[in-house]
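Novice: So that you can map any letter, position 18 of the sequence shown is 18 in UniProt numbering, and since no number is skipped, the others follow by simple counting. Quick reminder that beta carbons are idealized off the backbone N, C-alpha and C, glycines included. Predicted model, so just to flag it, every value in this text is computed and none were measured.
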Amino acid sequence: MGLIKGNNFTDDRGTVHFVNDFSMESVVRLYEISPKDTSIIRAWQAHKEECKWFYCTKGSFKVNVVKIDDFDNPSEDLTVNSFELNASHPEVLFIPGGYANGFKAISENSKLMVFSNFGLDASKQDDYRYDTNKWIKNW
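(1) List the endpoints of the continuous alpha helix (DSSP H) containing D121.
(2) Please report the distance separating the alpha-carbon of F9 from that of T38.
(3) Taking C-alpha atoms, which residue in S110, L93 and W139 lies nearest to residue 217?
(4) Kindly indicate which three-state DSSP category N86 falls into: helix, strand or coil?
(5) Looking at C-alpha atoms only, which residue of L3, K48, F71 and I33 is the closest neighbour of S123?
(6) Is the separation between the beta-carbon of L78 and that of W135 shorter than 8 Å?
(7) Can you tell me whether K137 is helix, strand or coil according to DSSP?
(8) Apart from the five residues just before and just after P35, which ones in its own chain have a Cβ nearer than 6 Å to its Cβ?
(9) If you compare alpha carbons, which of N109, S88, N138 and E50 is closest to S29?
(10) Looking at the strands, I want to know which residues DSSP matches up with I41.
(11) Assuming I33 is part of the beta strand (DSSP E), what are its boundary residues?
(12) Leaving aside the five residues before and after H17 along the sequence, list all residues of the same chain whose C-beta is less than 7 Å from its C-beta, in chain order.
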């Protein structure tokens, strides 16, 4: 788990946002999430094997990540790692298999691009869901 740092380049033609160290060699699908507002929380979804990469293309998101100790009955007191992704500061958040994630938009009209190393059918077979407030009571 961790952030892959990017950067920006601006000249008289505009700005280029890039994350050159993000290798998409393992990626087999992508999708974009556009929450209807900042009150929406999408949590908690976990995978034993599937990896995800998150990239904010517009606005900003708070992303929380938890290492799962037991997928059938995870502990209530697991450590939550929080990240803020912002479209003006290009970074890709890598979440390997073995973790649960949850997120919410911080600013209105935000968009989050998600990359996965599993196809949809394989992802559904590796999907674990937990209550939104399991590890965080106040998002």
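Specialist: Result, derived from the coordinates:
(1) L120 to Q125
(2) 29 Å
(3) Only positions 1 to 139 of the chain appear in the structure, and residue 217 is not among them; the question remains open.
(4) strand
(5) K48
(6) yes
(7) coil
(8) A105
(9) Residue identity check: residue 29 is Arg in the sequence provided, not Ser. Of the candidates N109, S88, N138 and E50, the one whose C-alpha sits nearest the C-alpha of R29 is E50.
(10) K104
(11) R29 to I33
(12) G6, N8 and P90
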